[in-house]
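Chains as they are written, first to last, in this note's numbering: chain B, 1 to 460; chain L, 1 to 460.
Protein chains: 2
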Amino acid sequence: MSDLSSFFEPKTVAVAGSLGKLAFGGQVVRNNLLNFGYSGRVYLVNPSYDEVQGSKVYPTIKDIPETPDLAVVITPARTVPSIINDCVDKGVKSVIIGADGFAERGEEGAKLQREIVSIAKRGQIHLVGPNTIGTVNSMNGLVTATYPMDYTKIRRGNIALIAQTGLIGPQAFPYGEWGVGVSKICDLGNKCDVNESDLLEYLVEDPQTKVIAMHLEDIKEGQRFLEIAKMVTLRKPVLILKPGRTKESKKALISHTGSLLGNQKVCEAAFRQAGVISLSTFDEIFDVAKAFSCQPLPRGNRLGVITYTGGGGIMAIDAAAESGLTLAQFSSSTEEELSKIYPALKGNPSDVGPLFTQDIFPYKEITEIILNDRNVDCVLGVIYTGQLLSPEFYLPILNEVKKPEGKPVVFWIYGTNREMMDRACFKLEENGYPVYQHIGAAIRALGAMYQYKERILKEE
Amino acid sequence: MSDLSSFFEPKTVAVAGSLGKLAFGGQVVRNNLLNFGYSGRVYLVNPSYDEVQGSKVYPTIKDIPETPDLAVVITPARTVPSIINDCVDKGVKSVIIGADGFAERGEEGAKLQREIVSIAKRGQIHLVGPNTIGTVNSMNGLVTATYPMDYTKIRRGNIALIAQTGLIGPQAFPYGEWGVGVSKICDLGNKCDVNESDLLEYLVEDPQTKVIAMHLEDIKEGQRFLEIAKMVTLRKPVLILKPGRTKESKKALISHTGSLLGNQKVCEAAFRQAGVISLSTFDEIFDVAKAFSCQPLPRGNRLGVITYTGGGGIMAIDAAAESGLTLAQFSSSTEEELSKIYPALKGNPSDVGPLFTQDIFPYKEITEIILNDRNVDCVLGVIYTGQLLSPEFYLPILNEVKKPEGKPVVFWIYGTNREMMDRACFKLEENGYPVYQHIGAAIRALGAMYQYKERILKEE
């Protein structure tokens, strides 16, 4: 597979699709490119129009005055083969087929899909899709999704999101409101050509991408994928959610073919061997990725817990044990220092609950002592916000705390006011502190980081 | 154990505690009672004041001109025994000990705790706590929590929340912002007297309570608890999260005594026998409870899924299989009717994705057809909100849909704008449709309802 850069960094994009509708189609793709600030040239293609909103419309891709780096095709399925033919003639090398009505709709669609693959092969064209919302590049404003959106900026960051579903797309999540950012997004769709292995090869070299999170319903070239994954995971963490783990969902996935990793256990064993981190739920795609995105890998698995309640501490220990972490035994100097602040603080989990209503709440001192304990490899903190502690309480403290290198910190948030929690969450994440709504999710992220650290160590 | 009604429905409350601080103590409890609209009489008790904010302060509980139904004590631990003595002399029968510094702080505190228990016994007083934020009754504005809060109204509803942690309290969650409501809350604290069995006995008779959700770190009177639970679950669902399920957290729970259900497996088996639904995470306390709160029990476990994406459908099937549900096989008339609307709709999960960008989106028709299929026992719907579908799109449709009896519906929400999602969520839940941020949580709730239905059927 040649380089996929045209799918993410095209200088020119041709958009072939309906121009009459405002909810779906070519006009929407064009508006998204404009709204998200795509800086390249965009050509509209549709035989029924001469001009739309002051822009010239070309009857076919062949009529465009230059060869576009990328074509996005969102036309009725039956018209796609001839458009791919035009791409061959024009010398276009990369095509996203947003149109649906292919292999996902039974044998007739599968036949049409084979037809476009064979045409594309003739022209050495690479296809993403069909049945995809395509790609996103937060750096250049490339957003090929065919749905109108109520925001216009995707936060730039280092998380690459690859999925076999449009659910990953910017029409489904408020990527503009997040404190952590994405580098690239790709919905693989039916994977008639470009697949997960190709993306891994591309993303491992992508300087904007630090962590790769994937949702894969099947794996197209099992052996190749595992070989590539094994190499990629030495350089970047790869997180994979593989749905279809039950008999019933496998039956529902029957239309997908070529899966070399049908058995879930075999699949998970193969992932483990390749150093891939297996995820259990869709939310973990974001939850685990964001810890990798902004925190260093831990040196070991000994967890320090700062809690506002004894009950939260116990739940943290359960989650830790279930995520491959163990509760750190604080060093005697830590116990001594914490005792000096308040006797009940000294154990791990350290319960700051009795202190936070006092006039001076030594949150910074406590965090600093625990973070710097040589027996602590990673820390779960709690962000409580409400009338007593404003969302603005934490960030200055966290920024001031003396932090040793190589100790990830994640936070669990709760409180009495959603708006305040959202504000705290955003501010902290924007500054590199991942925050979770659920204590288990926070600790699971640390567990995944430790799992990855072990994978790296094994190879060294 | 006598009736616990004084802990939830007192006509008069004495508050003994610090009156100088605004962040914690007696003054805060008094303000909470005022702010949340508690309609009974409140007496302040503190020997250092004559008057606070225009209210008379009594030096001791004995000086109050009537016998209060409930006393709330938030004074330094060492002063508590003499206050309980005063309660004995005064004839007070119910005391919440908000103070900490008892059994949770080692042997000295445990001794103090034994002392107050023995004094209370002499006066036939029942104690909640110590080390508790006490009780909440949404009907009469009783809020004994010792923390200031930035809201003043708890939504009234039918969920009772019992926990062995203050994490359940109104200072930790925005119970005013929720679309579903609570009836009673009780933080059991150290459980020196009133325990989970007593609460079950009280709540099963409470007309405001429909579902009882509990967080229990240990179980005080194992045999009694199981006998009561077995009886209660015939009338109301009982959901229990039992943390301490790993070796490490058990060690941390070592200070708790009297647990007859130490082994997690034994505990889960006992729960199952008693018809209790075991929860896995703290979030499930709310997530599972809210489905019971507002939806009918399903007749069977056959799930119908309405999805906007194929990927979401597959994940729904995984979650269903893992929650004891099975994918419904639509009847032929359903398949026919759905096909008439759009051919790709006919299977289960039914994917409305290709339709929602069209001028007319037949959401109502599709939902109605699937809900009324005789092969479908329960339904997962998806709420997508963003520029294309406003938060206000769904409710009128759901209210208009012809709904058969005894088919619960839950929703998974996602979209591009948090504010819009919050709005949709609130509106729908206020109207009895439980909405979840995570697909797994939505389906887990349906699974729990089916589990409970089976328990009821077994006894009939």
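The beta-carbon is built from N, C-alpha and C at its ideal position, and this holds for glycine as well.
- In the three-state scheme derived from DSSP, where H, G and I count as helix and E and B as strand, Cys378 of chain B is classed as strand.
- Residue range 41-45 is occupied by the beta strand (DSSP E) that includes Arg41 of chain B.
- Contact with chain B is absent for Glu335 of chain L, since none of that chain's Cβ atoms lies less than 8 Å from the residue's Cβ.
- By the C-beta density criterion, Gly37 of chain B is exposed, having fewer than 16 other C-beta atoms within 10 angstroms.
- Secondary structure note for Cys186 of chain L: it is in no alpha helix (DSSP H), and the uninterrupted beta strand (DSSP E) holding it is 182-187.
- Those residues of the segment 267-301 of chain B placed with their C-beta closer than 7 Å to a C-beta in chain L are Thr281, Phe282, Asp283, ordered along the chain.
- With respect to Val401 of chain L, Tyr436 of chain L sits apart: the two C-beta atoms are not nearer than 8 Å.
- For Phe36 of chain B, there is no enclosing alpha helix (DSSP H), as DSSP marks it with neither H nor E.
- Sixteen is the threshold: when 16 or more other Cβ atoms of the shown chains lie within 10 Å of the Cβ of Val288 of chain B, as they do, the residue is buried.
- For Ala344 of chain B, there is no enclosing alpha helix (DSSP H), as DSSP gives it neither H nor E.
- The straight-line gap separating the alpha-carbon atoms of Gln113 of chain L and Arg122 of chain L is approximately 15 Å.
- At least one CB atom of chain L sits nearer than 8 Å to the CB of Met315 of chain B.
- At a cut-off of 8 Å between beta carbons, Asp150 of chain L contacts chain B.
- Excluding five sequence positions before and after Phe24 of chain B, the CB atoms of its chain that fall closer than 6 Å to its own CB belong to Thr146, given in chain order.
- By the criterion of at least three beta-carbon pairs nearer than 8 Å, the segment 130-140 of chain B is not in contact with the segment 361-378 of chain L.
- Contact check for Leu22 of chain B and Pro148 of chain B: beta-carbon distance about 7 Å, within the 8 Å limit, so the pair qualifies.
- Closer than 8 Å to the CB of Gly312 of chain L there is at least one CB belonging to chain B.
- Taken atom to atom, the span from the alpha-carbon of Phe102 of chain B to that of Ala110 of chain B is near 5 Å.
- Only exposed fits Pro343 of chain B, as fewer than 16 other CB atoms lie within 10 angstroms of its CB.
- Rounded to the nearest angstrom, the gap between the Cα atoms of Val117 of chain L and Lys11 of chain L is 24 Å.
- By the Cβ test, the segment 177-190 of chain L is in contact with the segment 154-168 of chain L, since at least three Cβ pairs between them sit closer than 8 Å.
- Assignment of beta-bridge partners to Glu51 of chain L by DSSP yields L:Lys56.
- Chain-order list of chain L residues neighbouring Arg418 of chain B: Pro174, Glu177, Asp422, by C-beta distance under 8 Å.
- For Cys378 of chain B, the closest alpha carbon among the candidates B:Pro170, B:Tyr308, B:Asp3, B:Ala445 is that of B:Ala445.
- Scanning chain B for C-beta atoms nearer than 9 Å to the C-beta of Leu33 of chain L yields nothing, as the closest lies near 16 Å away.
- Contact check for Asp150 of chain B and Thr416 of chain L: beta-carbon distance about 6 Å, within the 8 Å limit, so the pair qualifies.
- One thing to note: Asn195 of chain B has its Cβ no nearer than 8 Å to the Cβ of Glu9 of chain B.
- Taking all protein chains shown into account, Glu429 of chain B has 16 or more neighbouring C-beta atoms within 10 Å of its C-beta and is therefore buried.
- For the C-beta of His438 of chain L, the chain B residues within less than 8 Å are, from N- to C-terminus, Thr281, Phe282, Asp283.
- Short of 7 Å from the beta carbon of Ile61 of chain B, and not among the five residues preceding or following it, lie these beta carbons of its own chain, in chain order: Ala14, Ala16, Val45, Ala71, Ile83, Asp86, Cys87, Lys90, Val92.
- Not flagged as an interface residue toward chain L: Thr233 of chain B, since no C-beta distance is shorter than 8 Å.
- For Thr385 of chain L, the secondary structure class from DSSP, reduced to helix, strand or coil, is strand.
- Contact annotation, Lys191 of chain L with Lys220 of chain L: C-beta distance approximately 6 Å; criterion of less than 8 Å satisfied.
- Counting only Cβ-Cβ distances below 7 Å, Phe24 of chain L has contacts in chain B at Thr357, in chain order.
- For the C-beta of Arg245 of chain L, the chain B residues within less than 9 Å are, from N- to C-terminus, Asp318, Ala321, Glu322.
- Legend: CB atoms of the segment 97-110 of chain L lying less than 8 Å from CB atoms of chain B belong to residues Asp100, Glu104, Arg105.
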